[in-house]
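Peer 1: Counting along the sequence shown from 1, when you hit position 205 you're at 205 in UniProt numbering, and nothing is skipped either side.
Virtual Cβ for every residue (Gly too), placed ideally from N, Cα, C.
Please read these numbers as outputs of a predicted model, since none were measured by experiment.
Input: one structure, supplied below.
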Amino acid sequence: MKISVIGTGYVGLVTGVCLSEVGHEITCLDIDSRKVERLNRSESPIYEPGLEDMMKKNIDAGRLDFTDSYETAMQGRDVVIIAVGTPQADDGSAELVYLNNACRSIAETMTNDMIVVTKSTVPVGTNEHVKNEIEKHHNGSYSVEVISNPEFLREGSAIHDTFNGDRIVVGGESEQAVEKVKSIFEPFGVPIIMTDLRSAEMIKYASNAFLATKISFINQLSNLCERIGANVESVAKGMGMDKRIGDKFLNAGVGYGGSCFPKDTSALSAIAKSVDYDLTIVDSVIATNEGQQRIIVDKIKKVFPDLENKRIAVLGLAFKPNTDDMRDAPSIKVVRELVDAGAEVYAYDPIASENAKTYLPGATNYMDSVEEAIDGKDFAVIMTDWKEIKEYSPEDYAKSLTNPVVFDGRNCYGLKEIENTGLEYHSIGRPTVYNK
């Protein structure tokens, strides 16, 4: 099928490339002409394992191309997927300016009847707005059907998730349009749920809010465990063995970040308030996460009350491993507080350092390896559980740091691993290890 994808951010690019992989003819549109030039050279603007190789394969096969022209993208296309950004507005709701711009541009350049699939995460009721916007602005007598198809991709494993996901959601009011969109995704071999527009929109928000709730719940428990002498890892393991609970998203740490959970929980809360209802659980999840992101700083200041001129290694900057995404990464708040307290920060991330420069204080120093970051520094702080950081020897921290102290915001090491290493080790929700 000939399909256009509007937007080449994380969701749009991965979606377009994967659809071309299963045989569809895909044109991806982005209004940034320089970005389009890079994409047509098989250069991905985002870090996602395997994405560039798949791009090149399908560009060479003639199934994938990129354009900055709506006229080109709309030509002879029966299905258009909108995957533009819906960032968080000042009031916590989703900002729809890019979506509205896309709707108007589609309306002005469409040349036939069309199904418009909204993959962007949007508030409940937005797809009805999309249909109205397109019908209001298009110049012909073409019909438009709108489908809600929210994405459930995890950064760092998005290609795997596309071909091995738990479900694909297709929501709409036209049975014929729903069936046609269903046929687009059937080659992935993933279960497809067909429902109405508003339920499809709600499934996305409800799913992310629930996962965020699990994270905030275990983080609150981790803080309690520290105060009563329990080990949150043992608690989480015992909880997770109950099939009704499950062990996913029960890893205590410094809180969630990224492009989805912070934005989607805030948007869901705003949706509820717009109909005079308070989602108190979700509001608590948001507040808990905001506090959890600075908990590592509290631990540091208990051990080192005066951070003036302290040389601190910060290991990992991205909000999670296997991505260069810095949006709402817990490292942002931590590094800012350390710099504000007068410390010198020496940061290392395998992928995200360049993106981090947009978010972190200008005084941050960027290192090229774990070894370089920790050498001669007063102590180290782990903020992202990259594989190479988890596999770094605890003994080497003890040898390289001026003060052999590590604050681990991701519980990268088992407590037994730290014993007899000469390292003082502070983690989340677990007893501190002191090696004399």
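Residues in the same chain with beta-carbon distance under 6 Å from Ala73, minus the five sequence neighbours each way, listed in chain order, please.
Peer 2: Within the same chain, Ala73 has close Cβ partners Ser4, Thr27, Leu29, Thr67.
Peer 1: With a CB to CB cut of under 7 Å and the five nearest residues on each side skipped, what residues in its chain are close to Ser199?
Peer 2: Excluding sequence neighbours, Ser199 sits near Gly171.
Peer 1: For Glu151, which residues of its own chain have a beta-carbon under 6 Å away from its beta-carbon, when the five flanking residues on both sides are left out?
Peer 2: Closer than 6 Å at the Cβ level, and outside the excluded window around Glu151, lie Val11, Lys119.
Peer 1: Just checking my contact of Ala212 with Pro123 at CB under 8 Å: how many whole Å lie between their CB atoms?
Peer 2: No, Ala212 and Pro123 are not in contact; Cβ-Cβ is about 17 Å, not under 8 Å.
Peer 1: For Gln292, which of helix, strand or coil comes out of DSSP?
Peer 2: Note: Gln292 maps to helix in three-state DSSP.
Peer 1: Determine, using beta carbons only, whether Ile295 comes closer than 9 Å to chain D.
Peer 2: Structure shown: chain D not included; a single protein chain is present.
Peer 1: What's the call for His24, buried or exposed, on a 16-neighbour Cβ count within 10 Å?
Peer 2: Looking at its Cβ environment, which holds 16 or more other Cβ atoms inside 10 Å, His24 is buried.
Peer 1: In three-state DSSP terms, what is Gly172?
Peer 2: Gly172: strand per DSSP, three-state reduction.
Peer 1: Determine the burial state of Lys2: buried for a count of at least 16 other Cβ atoms within 10 Å of its Cβ, exposed for fewer.
Peer 2: Answer is exposed; the Cβ neighbour count stays below 16.
Peer 1: Quick check on Ala102: buried or exposed, where buried means 16 or more other Cβ atoms within 10 Å of its Cβ?
Peer 2: So Ala102 ends up on the buried side.
Peer 1: Are Asn329 and Gly257 close, meaning C-beta to C-beta below 9 Å?
Peer 2: It is worth fixing the name first, because residue 329 is Ala in this sequence and not Asn. Yes, they are a contact pair.
Peer 1: Tell me, to the nearest whole angstrom, how far the beta carbon of Ser44 is from that of Met55; I am working on the premise that it is less than 8 Å.
Peer 2: So it is a contact: roughly 6 Å between Cβ atoms.
Peer 1: Mapping DSSP to helix, strand and coil, what is Thr27?
Peer 2: Thr27: strand per DSSP, three-state reduction.
Peer 1: Rounded to whole angstroms, what is the Cα-Cα separation between Met114 and Asp264?
Peer 2: Distance between the alpha carbons of Met114 and Asp264 is about 29 Å.
Peer 1: If we ignore side chains and look at the alpha-carbon of each, how far apart do Val79 and Asp53 end up?
Peer 2: Between Val79 and Asp53, the C-alpha separation is close to 26 Å.
Peer 1: Just verifying my parser: in three-state terms, what is the DSSP assignment at Leu315?
Peer 2: The answer is strand: DSSP assigns Leu315 an E or B state.
Peer 1: Please state if the CB of Val303 and the CB of Ile428 are separated by a distance shorter than 9 Å.
Peer 2: It is not a contact, given that the beta carbons lie outside the stated cut-off.
Peer 1: From which residue to which residue does the alpha helix (DSSP H) around Ile203 run?
Peer 2: Where Ile203 is concerned, the enclosing alpha helix (DSSP H) stretches over 197-228.
Peer 1: Quick one: Cα of Ser393 to Cα of Gly85, how far?
Peer 2: Cα-Cα distance, rounded: 40 Å.
Peer 1: His138 to Gly238, Cα distance in whole Å?
Peer 2: C-alpha separation (whole angstroms): 58 Å.
Peer 1: Tell me the rounded alpha-carbon separation between Asp161 and Lys390.
Peer 2: So the two alpha carbons sit approximately 24 Å from each other.
Peer 1: What do you reckon, are the CB atoms on Asp325 and Asn355 nearer than 9 Å?
Peer 2: Yes; because the gap between Cβ atoms is below 9 Å, this pair is in contact.
Peer 1: For Pro361, count the other beta carbons within 10 Å of its own beta carbon; 16 or more makes it buried, fewer makes it exposed. Which is it?
Peer 2: Exposed, because fewer than 16 other Cβ atoms sit within 10 Å of the Cβ of Pro361.
Peer 1: Taking one C-beta from the segment 306-324 and one from the segment 344-353 each time, how about it: are there three or more such pairs within less than 8 Å?
Peer 2: Short answer: they touch.
Peer 1: Taking C-alpha atoms, which residue in Tyr142, Ile147, Gly165 lies nearest to Leu153?
Peer 2: Comparing Cα-Cα distances from Leu153 to each of Tyr142, Ile147, Gly165, the minimum goes to Gly165.
Peer 1: Compute the Euclidean distance between the alpha carbons of Asn251 and Ile296, then round it to the nearest angstrom.
Peer 2: Their Cα atoms are separated by approximately 15 Å.
Peer 1: Cβ of Asn127 within 9 Å of Cβ of Glu201?
Peer 2: Yes, they are a contact pair.
Peer 1: Report the residue from Cys260, Pro404, Gly125 whose alpha carbon sits nearest the alpha carbon of Val275.
Peer 2: Among Cys260, Pro404, Gly125, the Cα nearest to that of Val275 is on Gly125.
Peer 1: Which ranges would you report for the beta strand (DSSP E) in the segment 77-121 if only whole runs of at least 3 residues count?
Peer 2: Within the segment 77-121, the complete beta strand (DSSP E) runs of at least 3 residues are 79-82, 114-118.
Peer 1: Within the same chain, show all residues whose beta-carbon is closer than 6 Å to that of Gly9, passing over the 5 residues directly before and after it, in chain order.
Peer 2: Answer for Gly9: Gly85, listed in chain order.
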